[in-house]
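There are 2 protein chains.
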Amino acid sequence: MRPLFHPAIEDVQPEAILHALSDPARAAIFAKISTAGCVEACSAVSSVGDRVIPKSSLSSHFKVLREAGLIRCERHGVEMRNHSRCAEVEARFPGLLSAIMGAYARAGAPRVAAQKGGTAA
Amino acid sequence: MRPLFHPAIEDVQPEAILHALSDPARAAIFAKISTAGCVEACSAVSSVGDRVIPKSSLSSHFKVLREAGLIRCERHGVEMRNHSRCAEVEARFPGLLSAIMGAYARAGAPRVAAQKGGTAA
DNA sequence: CCCATAGTTCTGAATTTCGGAACTAACGGA
DNA sequence: TCCGTTAGTTCCGAAATTCAGAACTATGGG
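If you read the sequences in order, they're chains A and B. Residues 1 to 121, numbered by the UniProt record's numbering, are exactly what the first sequence covers, in order. Residues 1 to 121, numbered by the UniProt record's numbering, are exactly what the second sequence covers, in order.
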């Protein structure tokens, strides 16, 4: 099977990255791929939080991430290996990904913690 | 005059910011507001590049930016003053805005300035 | 009061996104 | 080899979003 299309790093556009990561589900998928040693099977992220994502939606999410230049996908037998392209993107747009993922990390905690009553603020 | 709704800075969500800035036109508007001493009338940005933006679209772009927490708008007589909320956003999501605007700045140039050497790896 | 200016809201059309169902590719077992 | 299972893609209609023209509102000037 021919390899999927991936944009060259110099063709990667900021608007594509922002659009891809402006969806919390995609951002969560990307976070998972990035932190999980940059390799992950598609089906391993079949849910975000407690929300189950249908296969077809998952497939298109991966497509968006791939075409935005954020991940690299290759078939390995019956499944897909997804590598993050963090390093390349970091070289092209310094600080972008870490700022975005950091923003999500920072926003993720407060509200949830406040409602749950867990953190003695 | 009743002030328009603006989210408190702690209610600002990363996905809203990314979505707002994932549109190059909005990113350009925001860049203009940010750099122009953080004050600008709506009609002063009636075009992006050589593309003229209709009033209604412009209005909704400003609304998106405002509701994302990126700008603060107040009526002054018949026109609108738009202040950037850079400082607040920077405090909440350190490095986010500068990374994004830097990415756009870096992407905007390359095609034209490719002969500057170094980047064509 | 009437008009001009600046911006908003309404509305329908075009585009995008979502998700179920059917389809394809790769492997394992008999 | 053939069949079944698993992993993921594609197709297609419904829902949501975006776009832009037209009408409307608010403010200030003469």
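Even glycine gets a Cβ: it sits at the ideal position worked out from N, Cα and C.
Practice task
Can you tell me which of E74/B, R72/B, I29/B, V78/B puts its alpha carbon nearest to the alpha carbon of L58/B?
Solution key: I29/B
Problem - Element boundaries [alpha helix (DSSP H), containing C86/B] - result: 86 to 92
Exercise for the section: Please work out which residues of its chain come closer than 7 Å, Cβ to Cβ, to K32/A, disregarding the five sequence neighbours upstream and downstream, and give them in chain order. Expected result: E40, V45
Exercise for the section: Residues of the region 5 to 28 of chain B with a CB closer than 9 Å to any CB of chain A: list them in chain order, please. Expected result: E10, D11, V12, Q13, P14, E15, A16, I17, L18, H19, A20, L21, S22, D23, P24, A27
Problem - Three-way DSSP call (helix, strand, coil) for P14/A in this model - result: helix
Exercise for the section: Using only alpha-carbon positions, find the residue among A91/B, L97/B, R66/B, F93/B that is nearest to N82/B. Expected result: R66/B
Handout entry: Cβ distance (whole Å) where H19/B is taken to contact S22/A below 8 Å
Key = 4 Å
Problem - Sub-8 Å separation of E15/A and P3/B beta-carbons - result: no
Practice task
Report yes or no: is there a C-beta of chain B within less than 8 Å of the C-beta of L96/A?
Solution key: yes
Handout entry: Buried versus exposed, by CB contacts within 10 Å (16 or more), F5/A
Key = exposed
Practice task
For F30/A, decide whether its Cβ has a neighbour in chain B, counting only Cβ atoms nearer than 8 Å.
Solution key: no
Practice task
Assuming S34/A contacts C73/A (C-beta within less than 8 Å), just tell me the rounded distance between them.
Solution key: About 14 Å; that fails the 8 Å criterion.
Practice task
Tell me whether A36/B is buried or exposed, calling it buried when 16 or more other Cβ atoms sit within 10 Å of its Cβ.
Solution key: exposed
Handout entry: Option nearest G108/B by Cα separation, candidates V12/A, P7/A, K63/A
Key = V12/A
Handout entry: For E40/A, three-class secondary structure by DSSP
Key = coil
Handout entry: Unbroken beta strand (DSSP E) run spanning H76/A, endpoints
Key = 71 to 76
Handout entry: Reference Y104/A, options R92/B, G77/B, R106/B, closest by Cα
Key = R92/B
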